[in-house]
Amino acid sequence: MRESRLPRVRASELVGRGWLNTGGRDVTLADLRGKIVILDFWTFCCINCLHVLDELRELEEQHRDVLVIVGVHSPKFVHEADPVALAAAVERYEVHHPVLDDPQLVTWSAYTARAWPTLVVIDPEGYVVAQMAGEGHKRNVEILVGELIAEHESKGTLHRGDGPYVAPAPAEGTLRFPAKAIVLPDGHLLVADAGHHSLAELGSDGETLVRRIGSGERGLVDGGPDEARFSEPNGLCLVPDELRSVLGYDVLVADTVNHALRGVRLADGAVTTVAGTGEQYMVGAADNFLASDEDEADQELASIPVIGEPGDAVAGLAAGTGTFVPGPRRHKLSSPWDVAWSEPLGAFVVAMAGNHTLWAFGDVQGSIELLGGTMNEGLLDGPLHEAWFAQPSGLAVAADDRIWLADSETSALRWVDPVERTVHTVVGEGLFDFGHRDGPAAEARLQHPLGVAVLPDGSVVVADTYNGAIRRYADGSVSTLATDLAEPSGIVVLDGGSTLLVVESAAHRLTRIALPATLVGRLLDSGSHRTQRPVTELSPGEVRLDVVFTPAAGQKYDDRYGPSTRLQVSSTPPGLLLEGAGDDVPLDRVLRLDPTLTEGVLHVTAHAASCDADPAIEYPACHLNAQDWGVPIRLVEGAPATLTLPLHG
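Residue numbers for the sequence shown follow the numbering used here, beginning at 455 and rising by one.
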């Protein structure tokens, strides 16, 4: 098992279409000499990228005089290459550093990035000192930045002072990037006003502000409507009538960036945290559960998956129909995006976008349970405990109890049978296939949908967010009901199904759409797309895959429960891999590629567990480092016969 040692190489110049958050000026590496620079390769659809933005906020503020973070935006979807959409995303997610717009992936290619997100650390002399893929590197980056500050302060190569960031002018308006909405019992509308970190109660006209619940400051604070704080709330769900007096709240809120579920009492606007600790659930971390005493901690920690036989690392959490976990207020969550009540389950279903799963929250029982997903990102139907999801972001329950699901990163419309515990896909092909194509569902394409609703006739409408459209699925076919919307992210069905209220997020408004009596939509075909990324040339035949892992500073491999690593490999098309597909323990493997095929995609998932190395620590903190790669390859005679992927702790 090898550790990563990067050669001392000069950082490549930052090249793209333009810059944001710099007051209109371009930024070069020469301008940044004397600063520690972190390049954050991101794309705004990616939940893992949004996690990294949050991980870096505190570090950015703490070292703003010596540290410059540069977001390099490298789009996955066509919509993300739109400069207007990127500017909106930078504002939406409160990105407080310069952002390079790199739609052609020029800088992405120069730094050989292969995954969203990827971090590259550059020292004050302009040399690359670290590269790491995925999220969860906060502690390691903090240590590295501290070491670089000390080293270059002593050398005289560290320059303190302001960086190139220029804050944009603040925007005004009742709503700011609203996410989703519901109708309240009195006919008013409650809107998750994500950009204002609060909930806005509007009159039935959808415009008049009745009251605001939440102070508008980002944070996790319970209390009355003026002191409570949220952080980018998204999903909303009315509590069933019979449970409101029992639970003491009327609306359940998916408070996404707080990794929490919040209960809101409409009578006085009081807010209570009902699930989540405010910290993100990290796969394999030993502190995903908080307990009041050591015995209870030991009992709960026994439920956490550990690395054992290949496949046990994540599947252990999803054994059977789900792992029952007592104490939802002591259990960490990961970016809950939407919530819906399921009568057969007797629980709220939570679309846990942050780790590609569905959870069941039973507040009456005091439980939270993994309902579906293995935490692998992708599209795989079948039993819920074996299924793969990809940022589930919208939920709606039909009259027949089906749970309809907008699975955003696979641009898919799917449904869950809560009784049989299975999932089925009606539209969508996978992580890299998308478009705007109507017609038979098997051939239809969406682009990063975030919302879904069910009409009285049983048909399903989808907020097709990155296509700016409302789509309808009925009788095995897809049509388009409306276009030219600004990132629709939620839908409310009104007037017995004759009107849709669309949460038009990037336009900061709610928009009413009258539906025709026949519900016949247009059949549009703007094409089907695949995510375009630089292709890696490999030699046909035998190729060595090497995932290079370096534990974080102060940590070591964790072999207490068996092998500490796991490697999964597959390909598109499946025939590309003649040998080497499947799961195994080592992080290196010999693959044999079919020389009769010219190109395809290698799908690689790596896990490596590490824990505190200090023997004096009685209960060492542990972490499971995980990353998925989708590497487009082209087979060329004479090309390299080794593919190296970095996985840092």
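Even for Gly, the Cβ is constructed at its ideal location relative to N, Cα and C. In this text, all values refer to a predicted model and were calculated from it rather than measured experimentally.
Legend entry - Beta-carbon proximity check, W570 vs H527, cutoff 8 Å: Taking the sequence shown and counting its residues from 1, the one referred to as residue 570 is at position 116. Taking the sequence shown and counting its residues from 1, the one referred to as residue 527 is at position 73. Contact flag unset, no.
Legend entry - Where Y581 sits in the DSSP three-state scheme: As a position in the sequence shown, residue 581 is number 127, starting the count at 1. The answer is strand: DSSP assigns Y581 an E or B state.
Inset, instruction - Determine the closest residue to G884 out of W869, G1084, A564, with distance taken between C-alpha atoms. - result: Position 430 of the sequence shown, counted from the start, is the residue given in the question as residue 884. Among W869, G1084, A564, the Cα nearest to that of G884 belongs to G1084.
Inset, instruction - For P894, count neighbouring C-beta atoms within 10 Å of its own C-beta (all shown protein chains included) and say buried if the count is 16 or more, exposed if not. - result: To locate residue 894, count along the sequence shown from 1; it is residue 440. Per the 10 Å Cβ criterion, exposed.
Legend entry - Rounded C-alpha distance that separates V932 from V645: Here residue 932 corresponds to residue number 478 of the sequence shown, with the count starting at 1. Here residue 645 corresponds to residue number 191 of the sequence shown, with the count starting at 1. About 28 Å.
Legend entry - Contact check, S685 vs V705, beta carbons under 8 Å: Stepping through the sequence shown from its first residue, residue 685 is reached at position 231. Stepping through the sequence shown from its first residue, residue 705 is reached at position 251. Their beta carbons are not under 8 Å apart, which means S685 does not touch V705 by this criterion.
Legend entry - Proximity of W813 and L799 at Cβ, strictly below 8 Å: The residue you call residue 813 lines up with position 359 of the sequence shown. The residue you call residue 799 lines up with position 345 of the sequence shown. Result no, Cβ atoms of W813 and L799 do not sit closer than 8 Å.
Inset, instruction - On a CA-only basis, which of H650, L638, L1089 is nearest R719? Give me that one, please. - result: Taking the first residue of the sequence shown as 1, we reach residue 719 at position 265. Sorting H650, L638, L1089 by C-alpha distance to the C-alpha of R719 places L638 at the top.
Inset, instruction - Flag this pair as yes or no: are the beta carbons of F888 and R875 separated by less than 8 Å? - result: By 1-based counting over the sequence shown, the position of residue 888 is 434. By 1-based counting over the sequence shown, the position of residue 875 is 421. For F888 and R875, no; Cβs fall outside 8 Å.
Legend entry - C-alpha distance - T1004 paired with D1082, whole-angstrom precision: Here residue 1004 refers to the residue found at position 550 of the sequence shown. Here residue 1082 refers to the residue found at position 628 of the sequence shown. Distance between the alpha carbons of T1004 and D1082: 17 Å.
Legend entry - Where the alpha helix (DSSP H) through P790 begins and ends: Counting from one through the sequence shown, the residue named residue 790 turns up at place 336. Where P790 is concerned, there is no enclosing alpha helix (DSSP H), although the beta strand (DSSP E) it sits in stretches over 790 to 796.
Legend entry - Residue environment, A625, which counts as buried when at least 16 other CB atoms sit within 10 Å: Position 171 of the sequence shown holds residue 625. Under this definition A625 is an exposed residue.
Inset, instruction - Give the DSSP-derived three-state secondary structure of T497 in the structure shown. - result: Mapped onto the sequence shown, residue 497 falls at position 43. Three-state DSSP puts T497 in coil, outside helix and strand.
Inset, instruction - Assign P1027 to one of two classes, buried (16 or more other C-beta atoms within 10 Å of its C-beta) or exposed (fewer than that). - result: One-based indexing of the sequence shown puts residue 1027 at position 573. Answer is exposed; the Cβ neighbour count stays below 16.
Legend entry - Terminal residues of the beta strand (DSSP E) in which P942 lies: As a first step, residue 942 must be located in the sequence shown, where it is residue number 488. Start and end: 942 to 948.
Inset, instruction - Rounded to whole angstroms, what's the CA-CA distance from Y547 to R630? Just pull it up for me. - result: The residue you call residue 547 lines up with position 93 of the sequence shown. The residue you call residue 630 lines up with position 176 of the sequence shown. One C-alpha to the other measures close to 11 Å.
Inset, instruction - Just mark V908 as buried or exposed, buried being the case when its beta carbon has 16 or more other beta carbons within 10 Å. - result: Looking up residue 908 in the sequence shown gives position 454. That one is buried.
Inset, instruction - Determine which residues share a DSSP beta bridge with K1010 and list them. - result: As a working note, residue 1010 is residue 556 in the sequence shown. The partner list for K1010 (beta bridge, DSSP) reads C1065.
Inset, instruction - Have a look at C500 and V1090 and give me their C-alpha separation to the nearest angstrom. - result: Taking the sequence shown and counting its residues from 1, one reaches residue 500 at position 46. Taking the sequence shown and counting its residues from 1, one reaches residue 1090 at position 636. Rounded to whole angstroms, C500 to V1090 spans 31 Å at the Cα level.
Legend entry - G668 versus G657, E661, L653, residue with shortest Cα-Cα distance: Position 214 of the sequence shown holds residue 668. The option with the nearest alpha carbon to G668 is L653.
Inset, instruction - Return the chain-ordered list of same chain residues with a C-beta closer than 6 Å to the C-beta of E750, the five sequence neighbours on each side being excluded. - result: Within the sequence shown, numbered from 1, the residue matching residue 750 stands at position 296. Per-residue confidence for E750 stands at a pLDDT of 35, beneath the threshold of 50, marking its modelled position as unreliable; the derived number appears in the next sentence. Around E750: no qualifying Cβ.
Legend entry - Distance, S466 Cα to I576 Cα: The residue given as residue 576 occupies position 122 in the sequence shown. The residue given as residue 466 occupies position 12 in the sequence shown. Using only the alpha carbons, I get a separation of about 10 Å.
Inset, instruction - Tell whether a beta-carbon distance below 8 Å holds between L833 and V870. - result: As a first step, residue 833 is located in the sequence shown; it is residue number 379 there, counting from the start. As a first step, residue 870 is located in the sequence shown; it is residue number 416 there, counting from the start. Not in contact: L833 and V870 (Cβ atoms no closer than 8 Å).
Legend entry - Per DSSP, the bridge partner or partners of I576: For the purposes of this step, residue 576 is identified with residue 122 of the sequence shown, where counting begins at 1. V491, V582.
Inset, instruction - Could you tell me the distance, in whole angstroms, from the CA atom of V464 to the CA atom of I490? - result: Residue mapping note: residue 464 aligns to position 10 of the sequence shown, counting from 1. Residue mapping note: residue 490 aligns to position 36 of the sequence shown, counting from 1. The residue you asked about is not Val; residue 464 is Arg in the sequence shown. Roughly 14 Å between the two C-alpha positions.
Inset, instruction - Report the rounded CA-to-CA distance for L978 versus V956, giving the unit in angstroms. - result: By one-based count along the sequence shown, residue 978 stands at place 524. By one-based count along the sequence shown, residue 956 stands at place 502. So the alpha carbons of these two residues sit roughly 20 Å apart.
Inset, instruction - Express the C-alpha separation of A805 and W795 in angstroms, rounding to a whole number. - result: Mapped onto the sequence shown, residue 795 falls at position 341. Mapped onto the sequence shown, residue 805 falls at position 351. Their Cα atoms are separated by approximately 12 Å.
Legend entry - Secondary structure of Y920, DSSP reduced to three states: What you label residue 920 is simply residue 466 of the sequence shown in a count that begins at 1. Of the three classes helix, strand and coil, the one that applies to Y920 here is helix, per DSSP.
Legend entry - DSSP bridge partner residues for L690 (one or two, in chain order): On the sequence shown, residue 690 is found 236 positions in, with the first residue counted as 1. Paired residue(s): V707.
Legend entry - Local Cβ density within 10 Å of E941, reported as buried at 16 or more and exposed below that: The count along the sequence shown starts at 1 and reaches residue 941 at position 487. Around the CB of E941, 16 or more other CB atoms lie within 10 Å, so the residue is classed as buried.
Legend entry - Same chain only: Cβ atoms within 6 Å of G617, ignoring 5 sequence neighbours per side: By one-based count along the sequence shown, residue 617 stands at place 163. Answer for G617: V522, listed in chain order.
Inset, instruction - Can you give me the start and stop residues for the beta strand (DSSP E) that R906 sits inside? - result: For this step, residue 906 is matched to residue 452 along the sequence shown. This sequence places Val at residue 906; Arg is not what is there. That run of the beta strand (DSSP E) goes 905 to 908.
Legend entry - Three-state secondary structure assigned by DSSP to K634: Taking the first residue of the sequence shown as 1, we reach residue 634 at position 180. Three-state result, K634: strand.
Inset, instruction - State the start and end residues of the unbroken beta strand (DSSP E) segment that holds P403. - result: Residue 403 falls outside the range modelled here, since the chain spans only 455 to 1103, and no answer is possible.
Inset, instruction - Assuming G525 contacts L486 (C-beta within less than 8 Å), just tell me the rounded distance between them. - result: Locating residue 525 in the sequence shown gives position 71, counting from the first residue. Locating residue 486 in the sequence shown gives position 32, counting from the first residue. With 8 Å as the limit, G525 and L486 do not qualify as a contact, their Cβ atoms being about 14 Å apart.
Legend entry - Close Cβ partners of G765 (< 7 Å) along its chain, the five nearest in sequence each way excluded: Indexing the sequence shown from 1 puts residue 765 at position 311. Annotation note: pLDDT 30 at G765 (below 50); position unreliable, no value reported.
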